[in-house]
Amino acid sequence: MTAEPTFLFCVGATKAGTSWLYRYLARHPECHLRSIKELHYFDMLESGNYARHRDREARRLAALRDEAASGAPMGPFRARMLRDTEEWCSVIGHEGENLDAYRTYLAGERGVRHLVGDITPAYALLPVARLAQMARMAGDVRFVYLLRDPVSRLWSQARMVAYRKARSLAEFPARAAEVMGAMIDGVREGRNDREDYIGAIGRLRESVAASRLFVQLQDEMMGVPGLARLCGFLGIAAVPADFDKRVHEGTPLALDEGLRARAQAALRPQYDFVATLFPELPDSWRRNMIGVHG
Numbered sequence: 001m002t003a004e005p006t007f008l009f010c011v012g013a014t015k016a017g018t019s020w021l022y023r024y025l026a027r028h029p030e031c032h033l034r035s036i037k038e039l040h041y042f043d044m045l046e047s048g049n050y051a052r053h054r055d056r057e058a059r060r061l062a063a064l065r066d067e068a069a070s071g072a073p074m075g076p077f078r079a080r081m082l083r084d085t086e087e088w089c090s091v092i093g094h095e096g097e098n099l100d101a102y103r104t105y106l107a108g109e110r111g112v113r114h115l116v117g118d119i120t121p122a123y124a125l126l127p128v129a130r131l132a133q134m135a136r137m138a139g140d141v142r143f144v145y146l147l148r149d150p151v152s153r154l155w156s157q158a159r160m161v162a163y164r165k166a167r168s169l170a171e172f173p174a175r176a177a178e179v180m181g182a183m184i185d186g187v188r189e190g191r192n193d194r195e196d197y198i199g200a201i202g203r204l205r206e207s208v209a210a211s212r213l214f215v216q217l218q219d220e221m222m223g224v225p226g227l228a229r230l231c232g233f234l235g236i237a238a239v240p241a242d243f244d245k246r247v248h249e250g251t252p253l254a255l256d257e258g259l260r261a262r263a264q265a266a267l268r269p270q271y272d273f274v275a276t277l278f279p280e281l282p283d284s285w286r287r288n289m290i291g292v293h294g
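This is how it looks when you write it as structure tokens:
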């Protein structure tokens, strides 16, 4: 094993390409990522809700053990997930903070690969003090935060939530519209959540050194020059990527124009803020900004 690795935290945004990035890095020869993408370790510490996280992982572990005991062939990835889940259940098996165990888990079996990481979009909601703790966790900790067009991101999240709630595919469109409407109301009423780029970037800037924070548009990451910039920030070579592969894209459904207009109005501050960071926004953003600004 080489010297202490570089630790990556990709803290979001939800539905902004984090699953695609996970798969890219998991296959990268210089990276070592565990088979559980979202560990939720630091939001577990912040909330103190250890039982919920332990129960979720215990269910995952039981299902994997049943699969292994069934006698059916278990592929290499599923076998690795079984091992990873067993180790992770051990890490979170006791209440309280254990950063040594967490670091050891991330770096376990990495060999000569020097980048390890935890890709958990929920971390973007953490307060400054917790993010600062993460930034101090090791000698070299780097943060990535990806941005997607706000209306498209919100609609993608609404469809994901609706798909889980819908009792049938026929019910899905109405359920998605209902969830989207509720999310828009939440934004308008100041109940900030995953859509709040202003708050997330503000907290990250307050807690993470500028040289250790990389904010990028999803559209930029999904191209050769942008991905090369991201890899450069992480200290790894840019290897070929499948930009046509979409991960967890969700059930297709067109967004009602009335809901789109409401979302554009509610999310206008987010558009205006990101435009100050990236003056040359891509078409995927500008189409909705036309509705924002008329």
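Residue numbers for the sequence shown follow full-length UniProt numbering, so the first one is 1 and each next one is one higher.
We put the beta carbon where it would ideally sit given N, CA and C, even for glycine.
| request: Give the straight-line distance between the Cα atoms of R23 and A265, rounded to the nearest whole angstrom. | output: A straight-line Cα-Cα distance of about 34 Å links R23 and A265.
| DSSP on L147, reduced to helix/strand/coil? | L147 falls in the strand class under three-state DSSP.
| request: Look at the alpha carbon of M180 and the alpha carbon of A3, and state the distance between them as a whole number of angstroms. | output: Near 47 Å, if we compare the C-alpha coordinates of A3 and M180.
| query | Taking the alpha-carbon positions, what's the P73 to A79 distance? | reply | Counting only the Cα atoms, A79 lies some 10 Å from P73.
| From the DSSP output, which residues share a beta bridge with residue 317? | Look at the range of the chain in this structure, 1 to 294, and you will see that residue 317 is not part of it.
| task | Would you mind reading off the limits of the alpha helix (DSSP H) that contains G202? | result | Taken as a continuous stretch (DSSP letters only), the alpha helix (DSSP H) holding G202 covers Y197 to S207.
| field | A63 burial status per 10 Å Cβ neighbour count (16 or more: buried) | value | Exposure of A63 is indicated by the presence of fewer than 16 other C-beta atoms within 10 angstroms of its C-beta.
| Where the alpha helix (DSSP H) containing T18 begins and where it ends | Bounds of the alpha helix (DSSP H) holding T18 are T18 to A26.
| task | Look at the Cβ atom of R16, then the Cβ atom of L147, and state whether they are nearer than 8 Å. | result | With the sequence shown as reference, residue 16 is identified as Ala, and Arg is not the correct amino acid for it. Taking a C-beta distance under 8 Å as the contact criterion, A16 and L147 qualify as a contact pair.
| request: Ignore the nearest five residues each way along the sequence and tell me which others in G258's own chain have a CB closer than 6 Å to its CB. | output: Result list for G258: empty, nothing under 6 Å.
| said: Looking at C10: is its Cβ nearer than 8 Å to the Cβ of I236? | reply: Not in contact: C10 and I236 (Cβ atoms no closer than 8 Å).
| task | Could you check which residue in A228, I36 and G111 has the C-alpha nearest to that of S19? | result | Per the Cα distances, I36.
| message | Cutting at 7 Å between CB atoms, please list the residues of its own chain near T14, excluding the five before and the five after it. | response | Excluding sequence positions up to five before and after T14, its CB lies within less than 7 Å of the CB of P121, Q157 and R194, all in the same chain and listed in chain order.
| query | Taking just the CA atoms, how far does E46 sit from P279? | reply | Roughly 35 Å between the two C-alpha positions.
| task | Tell me whether F214 sits in a helix, a strand or coil according to DSSP, three-state version. | result | In the displayed model, F214 falls within a strand according to three-state DSSP.
| request: State the DSSP-derived secondary structure class of T276, mapped to helix, strand or coil. | output: In this structure, T276 counts as helix in the three-state DSSP scheme.
| request: Answer yes if the segment 268-283 comes into contact with the segment 195-215, meaning at least three C-beta pairs across the two stretches below 8 Å, and no otherwise. | output: Touching, per the Cβ criterion.
| field | Top-ranked residue by Cα proximity to E171, from N49, T251 and V208 | value | Selection N49, T251 and V208 evaluated against E171 yields T251 as nearest (Cα-Cα).
| task | With distances taken Cα to Cα, identify the nearest neighbour of G48 among R130, E57, A58 and G96. | result | It is G96.
| query | Where do the ends of the alpha helix (DSSP H) carrying V187 lie? | reply | Per DSSP, V187 belongs to the alpha helix (DSSP H) from F172 to R188.
| said: In whole angstroms, give me the CA-to-CA distance for P282 and Q218. | reply: Going from the Cα of P282 to the Cα of Q218 covers about 10 Å.
| field | Environment of A107 [buried if 16+ CB atoms lie within 10 Å] | value | Using a 10 angstroms sphere on the CB of A107, the tally of other CB atoms reaches 16 or more, which defines it as buried.
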